[in-house]
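Chemist: Take this structure, written in structure tokens, and hold onto it; I'll ask about it next.
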Amino acid sequence: METTPAPAPLSSGTMLLVASARRNLRQALNHPAFSPERRQRAEQLLSGSTDAACLLKWKALALRECEAWEDATLLREEAQPGPPAHPEYAY
6 METTPAPAPL
16 SSGTMLLVAS
26 ARRNLRQALN
36 HPAFSPERRQ
46 RAEQLLSGST
56 DAACLLKWKA
66 LALRECEAWE
76 DATLLREEAQ
86 PGPPAHPEYA
96 Y
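In this note's numbering, the protein residues as written are 6 to 96.
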């Protein structure tokens with residue numbers, strides 16, 4: 006019977022990098038662009054990941070999605086009839 010070797014333990018520096026990447030990703034996912042269900046699914050994935058590069062890639066994708074959500078929200082607000090909500094708004 007063949008067994009797979011146990012993964013090598015992470016060094017303290019790697020553990021710190023992974024913990025930091027997880028924290029940063031959680032902060033990005035705390036944006037209104039993400040539903041509570043998506044946050045919960047993402048939490049399951051990021052809690053199990055020990056690859057800091059992958060976590061940082063997910064963070065970059067999440068930030069792009071946040072930006073797209075904000076752009077779409079601003080376009081919807083600009084399209085609303087009537088005066089701007091505040092006199093200093095550009096539109």
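Beta carbons are placed, not taken as given, at the ideal position from N, Cα and C, and that holds for glycine.
On a predicted model such as this, the values are computed, not experimentally measured, just so you know.
#1: Give every residue of the same chain whose Cβ lies closer than 7 Å to the Cβ of S54, excluding the five residues on either side of it in the sequence, and list them in chain order.
#2: To the nearest angstrom, how far is it from the Cα of N35 to the Cα of R44?
#3: If we count the other Cβ atoms within 10 Å of its Cβ and call it buried at 16 or more, is R27 buried or exposed?
#4: Between which residues of its own chain and E75 is the CB-CB distance below 7 Å, once the five residues before and five after are set aside?
#5: R69 to T8, Cα distance in whole Å?
#6: Only counting the same chain, and skipping five residues up and downstream in sequence, which positions put a Cβ closer than 8 Å to that of L51?
#7: When the distance is taken between beta carbons, is A33 closer than 7 Å to A1?
#8: Please state whether the Cβ-Cβ distance between A38 and C71 is less than 7 Å.
#9: Along the chain, where does the alpha helix (DSSP H) that runs through S54 open and close?
Modeler: With the structure as the only source:
#1: Residue 54 sits at position 49 when you count from the first residue of the sequence shown. Correct list, in chain order: L60.
#2: Start at 1 with the first residue of the sequence shown, and residue 35 comes out as number 30. Start at 1 with the first residue of the sequence shown, and residue 44 comes out as number 39. Each residue's Cα considered, the two are about 8 Å apart.
#3: In the sequence shown, counting from the first residue as 1, residue 27 sits at position 22. Per the 10 Å Cβ criterion, buried.
#4: Locating residue 75 in the sequence shown gives position 70, counting from the first residue. Here E75 has no same chain residue with a Cβ atom under 7 Å from its own Cβ, once five neighbours each way along the sequence are excluded.
#5: Taking the sequence shown and counting its residues from 1, the one referred to as residue 69 is at position 64. Taking the sequence shown and counting its residues from 1, the one referred to as residue 8 is at position 3. So the alpha carbons of these two residues sit roughly 41 Å apart.
#6: Within the sequence shown, the letter at position 46 stands for residue 51. The answer, listed in chain order, is R27, L30, R31, L60, W63.
#7: Summary: the structure shown does not reach residue 1, with the chain confined to residues 6 through 96, and so no result is reported for it.
#8: The residue you call residue 38 lines up with position 33 of the sequence shown. The residue you call residue 71 lines up with position 66 of the sequence shown. Closer than 7 Å, so yes.
#9: Locating residue 54 in the sequence shown gives position 49, counting from the first residue. Run containing S54: none; DSSP gives neither H nor E here.
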